[in-house]
Amino acid sequence: MGFNLATMLRESATEQPEAPLLHFGARTFDYREVDALSGRVAAGLRAAGLRPGDKVAVQLPNVPEFVFAYFGILKAGMVMVPLNPLLTAREIAYHLADSEAELLVTFEPFAEEAVRAAGSEVPVHAVHQGAEPPEGTKSFEQLCADEGTGEIAAVDAGDTAVLLYTSGTTGQPKGAELTHFELFMACTVGGERFGVSREDVSVVVLPLFHVFGLVTVLGPVIRFGASAVLLPKFDAGAVLDAVEAHRCTIFSGVPTMYFALLGQELDGRDLSSLRAGISGGAAMPEEVLREFERKVPNIVVLEGYGLSETAAVATFNFSAEERKVGSIGRPLWGVEVKIFDDDDVELPPGRERIGEIVIRGHNTMKGYYRRPEATEEAFRNGWFHTGDLGYRDEEGYFFVVDRKKDLIIRSGYNVYPREVEEVLYAHPAVQEAAVIGRADPRLGEEVVAVVALQDGTAPDTEELLAFARERLAGYKCPREVRVLDELPKGPSGKILKKSLR
């Protein structure tokens, strides 16, 4: 079956060419402009000698050129490889070599590392503001200098559209191959259930090089002809300014972003246009969700769940009427989710029936690029094994307990860090919390809490320990609390337990 994901942009541009698509600073790009500019990128890639199926790495923050490059690569029938702009030269070199990228698009502040990584093997084009591109690069404008023909390359729906690298928290990053069909279904099914329409204006502050921002946030915007406000990085004040200036209706973020927004002075801010908040990437503490909805009129915060390997989303709470706070919701249309034990046998519903979350459906990746053994292991018995622990209730709602690798076993008892973190977040002095295991010669593992505190609060660790003891069984309670100014986070704002360990 022939289908190119870039058709989403072309169809929306045909239906409403003058409708705004991207707001960035003082500039607005309508659908016709974005369609034309991405066509010029496609023509430039072809003129550079690249062919359908070639990989093009894009190392950009949330700037309009990211969107031009993304759809230009798709229109040329090539494969996009999104990269975090903050990667070092060593890390960039690994991704370029592993993906077999033929060209790299980067951003001026990060060009030095990109050039070092690319060497003489991979040409580098830079988005820049000065008169000349950074040393060792060619201008992004040069890449799209040719007039685009508007042609969209014919590809198979099962061809890889995006090679998205996993975070590497359990080893070297692996490239998840996401196809044109998988990404189209993710944008369509999620957007339909969420009610995205032309009237919506979405805040795009989650990084577009991450699956959450690229697929869950930007994808439905273009699929359903909505508008997006691009913010290059998360700043709570800038997000609130954008909501007021553009009357934004949807905000998508990870829990740490919601917490940061709550730390702003919201009285006097007109946030009445917000109808929905999407949360993912980590568990949303119920205290944070309730407080956010109390302070922001009209908004309903809905949680979902997914991974890079499942095109961002697998389950979701789709409305205020259907949601269960604390749950990751129910499966998307066409997606099956089950709970398996260690022998890959399905477990019945029940809070005590905790096992691994497994998924199959139109949203699961084609496989890990050039890693057949890892692909085979991930898809044991035809199901994608997520590595996340959870359970299902009698009504079909799923709950994530923790990462399988984050599980702490203390004296033979299972301790799920998320449960302990929920308790710590309920303390008024705690701004961020993460619970990890520390090796213990007597108990196997000991429970350690790492927290960042609210401004103006004193780090009374004994008080926090007492607070936890009042609310948790003894074996679950942290025996140690460490206080940091800020917890380390990944590019999407998710707390990095690997760094804490």
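Residues in the sequence shown are numbered from 1 upward in steps of one, following the UniProt record's numbering.
Just so you know, even glycine gets a beta-carbon here, dropped at the ideal spot from N, CA and C.
Using a Cβ-Cβ distance under 8 Å, would I495 count as near chain B?
-> Chain labels in this structure do not include chain B; a single protein chain is all it has.
Looking only at its own chain, which residues have a Cβ that is under 6 Å from the Cβ of L266, when we skip the five neighbours before and after it?
-> If we look at L266 and ignore the five residues flanking it on each side, its Cβ neighbours are K295.
Hey, how far is the Cα of G25 from the Cα of R223?
-> 23 Å
If you drop the 5 nearest sequence neighbours on each side, which residues of the same chain put their C-beta closer than 6 Å to that of R501?
-> I436
Q264, buried or exposed, once every other Cβ within 10 Å from all chains shown has been counted against 16 | So Q264 ends up on the exposed side.
Per-residue burial, Q431 [other beta carbons within 10 Å of its own, 16 or more giving buried] = Q431 is buried by the Cβ-count criterion.
Among F340, G44 and V239, nearest to E147 - alpha-carbon criterion | G44
For L60 and G39, the rounded distance between their alpha carbons | 19 Å
Return the CA-CA distance between P123 and E462, expressed in angstroms with no decimal places.
-> 56 Å
Spatial neighbours of P232 within its chain, please: CB distance less than 7 Å, with the 5 preceding and 5 following residues excluded, ordered by chain position.
-> P61, N62 and V63.
What are the boundary residues of the beta strand (DSSP E) that Y305 is part of?
-> V300 to Y305
Beta-carbon contacts of S12 that lie in its chain and below 7 Å, excluding the five residues immediately before and after | Y31, I222 and G225
As assigned by DSSP and simplified to three states, the class of V122 | coil
Distance, A314 Cα to L332 Cα = Each residue's alpha carbon lies about 6 Å from the other.
In DSSP terms, what I409 is bridged to | Paired residues: N414.
For the beta strand (DSSP E) holding S252, just list the boundary residues, first then last.
-> I250 to G253
Please confirm if the stretch 343-357 is in contact with the stretch 72-82, defined as three or more CB-CB distances below 8 Å between the two stretches.
-> no
According to the neighbour-count rule (16 or more other Cβ atoms, all chains shown, within 10 Å of its Cβ), is R174 buried or exposed?
-> It should be pointed out that residue 174 corresponds to Lys in this sequence rather than to Arg. So K174 ends up on the buried side.
Return the chain-ordered list of same chain residues with a C-beta closer than 7 Å to the C-beta of D159, the five sequence neighbours on each side being excluded.
-> T179 and H180
Return the bridge partner residues of A449 from the DSSP annotation.
-> V435 and V481
G175 in three-state terms, based on DSSP | strand
Take residue 505 and list the residues in its own chain whose beta-carbon comes closer than 6 Å to its own, dropping the five residues that flank it on each side.
-> Past the edges of the chain, shown from 1 to 501, lies residue 505, and the structure says nothing about it.
Would you tell me roughly how many angstroms separate the C-alpha atoms of T170 and L496, rounded to the nearest one?
-> Interpretation of T170 is limited by its pLDDT of 47, a score under 50 that renders its predicted location unreliable; the figure taken from the coordinates is listed afterwards. Looking at the two C-alpha atoms, the distance is approximately 12 Å.
Within this structure, are the beta carbons of L50 and A228 separated by less than 8 Å?
-> No, the Cβ-Cβ distance between L50 and A228 is not below 8 Å.
Scan the stretch 83-121 and note each continuous beta strand (DSSP E) run of 3 residues or more that stays entirely inside, going in chain order.
-> 101-107
Secondary structure of A473, DSSP reduced to three states | Note: A473 maps to coil in three-state DSSP.
Note down, in chain order, each residue of its chain lying with its Cβ closer than 7 Å to the Cβ of A176, except the 5 sequence neighbours on either side.
-> L164, T166, S308, E309, M365 and Y368
Ignore the nearest five residues each way along the sequence and tell me which others in G130's own chain have a CB closer than 8 Å to its CB.
-> E108
Apply the 10 Å Cβ neighbour rule to R330 and answer buried if 16 or more other Cβ atoms are within range, or exposed otherwise.
-> Label assigned to R330: buried.
Considering only C-alpha positions, which residue in the set F259, E419 and R269 is nearest to R247?
-> R269
Residues bridged to P17 [DSSP beta-bridge criterion] | In the DSSP output, where bridge partners are listed per residue, P17 has none listed.
On a CA-only basis, which of F318, E151, R46 and L87 is nearest R193? Give me that one, please.
-> Of the listed residues, the one whose Cα sits closest to R193 is F318.
Option nearest V205 by Cα separation, candidates N414, I328 and L214 | L214
Beta-carbon proximity list for P491, same chain, < 8 Å, skipping 5 on both sides = N84, L86, P207, F209 and H210
Identify, in the order they occur along the chain, each residue of the same chain with its Cβ nearer than 8 Å to the Cβ of E291, setting aside the five sequence neighbours on each side.
-> L262
List the DSSP bridge partners of M80.
-> For M80, the beta-bridge partners assigned by DSSP are V56 and V162.
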